[in-house]
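**Student:** Here's a structure for you.
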Amino acid sequence: MNPVGINGTLIIQLITFAILVALLYKYMYGPLRKVMDDRRAKIADGLAAAERGKEEMALAQKRATELLREAKEKAAEIVAQAERRSVELREEAQGKAREEADRIIASARAEIDVETNRAREVLRGQVVDLVVDGTQRILHREIDGQTHRDIIDRMVGQL
Numbered sequence: 489m490n491p492v493g494i495n496g497t498l499i500i501q502l503i504t505f506a507i508l509v510a511l512l513y514k515y516m517y518g519p520l521r522k523v524m525d526d527r528r529a530k531i532a533d534g535l536a537a538a539e540r541g542k543e544e545m546a547l548a549q550k551r552a553t554e555l556l557r558e559a560k561e562k563a564a565e566i567v568a569q570a571e572r573r574s575v576e577l578r579e580e581a582q583g584k585a586r587e588e589a590d591r592i593i594a595s596a597r598a599e600i601d602v603e604t605n606r607a608r609e610v611l612r613g614q615v616v617d618l619v620v621d622g623t624q625r626i627l628h629r630e631i632d633g634q635t636h637r638d639i640i641d642r643m644v645g646q647l
């Protein structure tokens, strides 16, 4: 026996090994490499999508903050408008109340004037009657009533 000798078995084993490596490379390593490349591409796409998601989330958060700020400004404007309208309505109501009070006061004054004139007329009539009655008592006789009334009316008119 030959301890380190190259014989036909070794050559056949080398050829078989080379064929095995070629078959493995073609049928095993190629598809495995394709699966690994696909997996690598999916991971890269996932990372890119995650990065885009972060950017979109930051953009959405920025938009939400902007919308919230605009909503707060609009709410403040609406509150200010409501306060202005409230002041206007209060002033308008006060104006109407003043007008109504002035109208009531004017009406009351007119009514007072009418009542005062009526009272004066009533008092004139009573004064005339009292003067005629007093004159009759003083004179103990009745003078022509119409003449007395004319005289008294002139005197009362002078008062």
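FYI, our numbering numbers position 76 of the sequence shown as 564, with every residue one higher than the one before it. All C-beta atoms in this analysis are idealised placements derived from N, C-alpha and C, irrespective of residue type, glycine included.
Nearest-angstrom Cα distance between Ile494 and Lys522?
**Tutor:** 39 Å
**Student:** Can you give the Cα-Cα distance for Ala529 and Leu520, rounded to whole angstroms?
**Tutor:** 14 Å
**Student:** Could you check what DSSP says for Asn495 in three-state terms: helix, strand or coil?
**Tutor:** Under the three-state reduction of DSSP output, Asn495 falls in the coil class, being neither helix nor strand.
**Student:** Taking the straight line between their C-alpha atoms, what separation do you get for Gln501 and Leu512?
**Tutor:** 16 Å
**Student:** Mapping DSSP to helix, strand and coil, what is Met489?
**Tutor:** A caution first: Met489 carries a pLDDT of 46, below 50, which makes its placement in the model unreliable, though a value can still be read off. In the structure shown, Met489 sits in coil (DSSP, three-state: anything other than H, G, I, E or B).
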